[in-house]
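Visitor: For our numbering, count along the sequence shown from 1 and bump the result up by 25. Cβ coordinates follow ideal geometry from the N, Cα and C atoms, glycine included. Sending over a structure as structure tokens; questions will come in a sec.
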Amino acid sequence: MPGRKDAEFINTLAGVAKVVDFVDRQDTWKRDIAPPLYIDLEGEQLGRNGSVSLMTMLVYPGEGLEHIYVVDIYTLGNAAFEVVGERGKSLKDILETPEISKVFFDVRRDSEALFAHYGVNLKGVRDLQLMDSAARPRTEQRILLSGLAKCLQFVPLTNAQKNEWTFCKERGDRVWNPDKGGSYSAFNKRPLPAEILRYCAGDVAYLPAMYKKYASKSARWRNFVFEASQKRVVESQGMVVQPEGRERALSPWTVEEHRMLDSWTEVNTGRSYFSQSQQDDLYEQAQEDYLNEQLREDDLYETWLIG
């Protein structure tokens, strides 16, 4: 897994300051083509009613130069967001700066927790779950959202990479997931279990490759999805409780937005009125697999629990 061996556990304020300086040195002019920062959070019942234990950050100067850091929010608390580096910026500053693009996969719980517990108002968010949905050619393919594991099927990974990713996620799952014999408290155990460190690294390791699929889309499409991503952030900070169960799997697009996306050539570039493109076939198969999982009464969150 790219960057897995380099995943570094940051449990000092000096370490956080160095990471902040490293992020702040990244180019911002290419933020829509190659965002510099990919983030995922873990915690006990992550959200306003739970807590934040770990923040995983993949800093992306370029392909092959990735650095993965797992920041110990459980130990450092609010100070992790306030400590200032040599360049005069804090982690809160980085997270709230629109010019620094930050990629999440389903930002809702992460944003809710950051705002509720640390007053962090995320800006510059790109939500890969929404990007995956908006890239689908037809309305019926956008009704349900996909989890991380499903979306990774469309990322060109080797069998070795897929197997290692699955292995690390399953090992970590058994440590923290109560449904599989684990406990949420594993995120707060110190020293941090190696399985949890690898699990966190796996959450972000292939997000740059996933994002790369959409980098060639038009500015019109990207702006549409970026606005939807930021809307998700705003909604997560509101008084309304975030959706659960089946409702959580529904896409946010209105009827008008579905029609608009259906009409855009940047979404339907491979579509034929006489035969379906290979991309259409892949999405239809993924949708069929997803619905079959529901018919087998699988847990709707199975992919999110490893995402």
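Give me, in chain order, the residues of the same chain whose beta-carbon lies closer than 7 Å to that of Val108; leave out the 5 immediate sequence neighbours on both sides.
Guide: Counting only Cβ-Cβ distances below 7 Å, and skipping sequence neighbours, we find Leu38, Val41, Ala42 and Ser115.
Visitor: Compute the distance between the beta-carbons of Leu71 and Ala138, then report whether it is under 9 Å.
Guide: Yes. Within cutoff.
Visitor: Check Ala311 in the structure and name its three-state DSSP category.
Guide: Any reading at Ala311 must be qualified, since the residue scores a pLDDT of 48, below 50, and its modelled position is unreliable; no value is offered.
Visitor: Distance, Cα to Cα, Asn188 vs Gly227?
Guide: So the two alpha carbons sit approximately 12 Å from each other.
Visitor: Along the chain, which unbroken stretches of the alpha helix (DSSP H) at least 4 residues long are found entirely within the segment 31-58?
Guide: Listed in chain order, they are 38-49.
Visitor: Apart from the five residues just before and just after Gly75, which ones in its own chain have a Cβ nearer than 8 Å to its Cβ?
Guide: Cβ neighbours of Gly75 beyond the five flanking positions: Gly68, Glu69 and Ala138.
Visitor: Under 9 Å between the Cβ atoms of Ala185 and Leu83?
Guide: No, the Cβ-Cβ distance between Ala185 and Leu83 is not below 9 Å.
Visitor: Give the range of the beta strand (DSSP E) segment to which Arg151 is assigned.
Guide: Arg151 -> beta strand (DSSP E) spans Val150 to Asp152.
Visitor: Which residues mark the beginning and the end of the alpha helix (DSSP H) in which Ile64 is found?
Guide: Taken as a continuous stretch (DSSP letters only), Ile64 belongs to no alpha helix (DSSP H), being part of the beta strand (DSSP E) at Leu62 to Glu67.
Visitor: Rounded to the nearest angstrom, what separates Val280 and Pro61 at their Cα positions?
Guide: In a straight line, the C-alpha of Val280 is about 33 Å away from that of Pro61.
Visitor: Does the beta-carbon distance from Phe212 to Tyr99 come in below 9 Å?
Guide: Yes, Cβ-Cβ distance for Phe212 and Tyr99 is below 9 Å.
Visitor: Beta strand (DSSP E) containing Phe179: first to last residue?
Guide: Note, Phe179: premise wrong, no beta strand (DSSP E); not H, not E.
Visitor: Please state the DSSP three-state secondary structure of Leu173.
Guide: Note: Leu173 maps to helix in three-state DSSP.
Visitor: Could you tell me if Val265 is buried or exposed, where buried requires 16 or more neighbouring beta carbons within 10 angstroms of its beta carbon?
Guide: By the neighbour-count rule (16 or more Cβ atoms within 10 Å), Val265 is not buried but exposed.
Visitor: Between Leu177, Tyr239 and Leu170, which has its C-alpha nearest Glu272's C-alpha?
Guide: For the residues Leu177, Tyr239 and Leu170, the minimum Cα distance to Glu272 belongs to Leu170.
Visitor: Would you report the Cα separation of Lys148 and Val128, rounded to the nearest angstrom?
Guide: Whole-angstrom Cα-Cα distance: 11 Å.
Visitor: Write down the C-beta distance between Arg151 and Gln267 rounded to the nearest angstrom, noting that I regard them as a contact closer than 8 Å.
Guide: Contact doesn't hold; Cβ gap of about 19 Å is too wide.
Visitor: Determine the closest residue to Val44 out of Phe130, Ala59, Pro86 and Trp54, with distance taken between C-alpha atoms.
Guide: It is Pro86.
Visitor: Mind pulling the beta strand (DSSP E) runs of 3 or more residues that sit fully within the segment 177-229?
Guide: Entirely contained in the segment 177-229, not one beta strand (DSSP E) run reaches 3 residues.
Visitor: Can you give me the C-alpha to C-alpha distance between Glu327 and Gly172, rounded to a whole angstrom?
Guide: Note that Glu327 has pLDDT 42, beneath the 50 cutoff, so the model's placement of it is unreliable and the number below is only indicative. When rounded, the distance between both Cα atoms is 8 Å.
Visitor: When you compare only the Cα positions, how much space is there between Val131 and Asn248?
Guide: For clarity, residue 131 is Asp in the given sequence; the question names Val instead. Roughly 17 Å separates the two Cα atoms.
Visitor: In chain order, which alpha helix (DSSP H) runs of at least 4 residues are fully inside the segment 116-167?
Guide: Taking only runs of at least 4 residues, the alpha helix (DSSP H) segments lying wholly in the segment 116-167 are 116-121, 133-143 and 153-159.
Visitor: For Leu232, which three-state DSSP category applies?
Guide: Three-state result, Leu232: helix.
Visitor: For Ile125 versus Thr81, is the C-beta distance shorter than 9 Å?
Guide: Cβ distance not < 9 Å, so Ile125 and Thr81 don't count as in contact.
Visitor: Counting only the same chain and skipping the five closest in sequence on each side, list residues whose C-beta sits under 6 Å from that of Gln301.
Guide: The predicted model places Gln301 with a pLDDT of 44, which falls under 50 and marks its position as unreliable, so this point remains unresolved.
Visitor: With which residues is Leu90 paired in a DSSP beta bridge?
Guide: Answer is none; Leu90 lacks a bridge partner.
Visitor: So Ser276 and Ser136 are supposed to be a Cβ contact under 8 Å. How far apart are they, rounded?
Guide: Contact doesn't hold; Cβ gap of about 18 Å is too wide.
Visitor: Out of Trp190, Tyr94 and Ser78, which has the shortest C-alpha to C-alpha gap to Leu101?
Guide: Out of Trp190, Tyr94 and Ser78, Ser78 has the C-alpha closest to the C-alpha of Leu101.
Visitor: Look at the alpha carbon of Ala311 and the alpha carbon of Gly113, and state the distance between them as a whole number of angstroms.
Guide: Bear in mind that the predicted position of Ala311 carries a pLDDT of just 48, short of 50, making it too unreliable to give a figure here.
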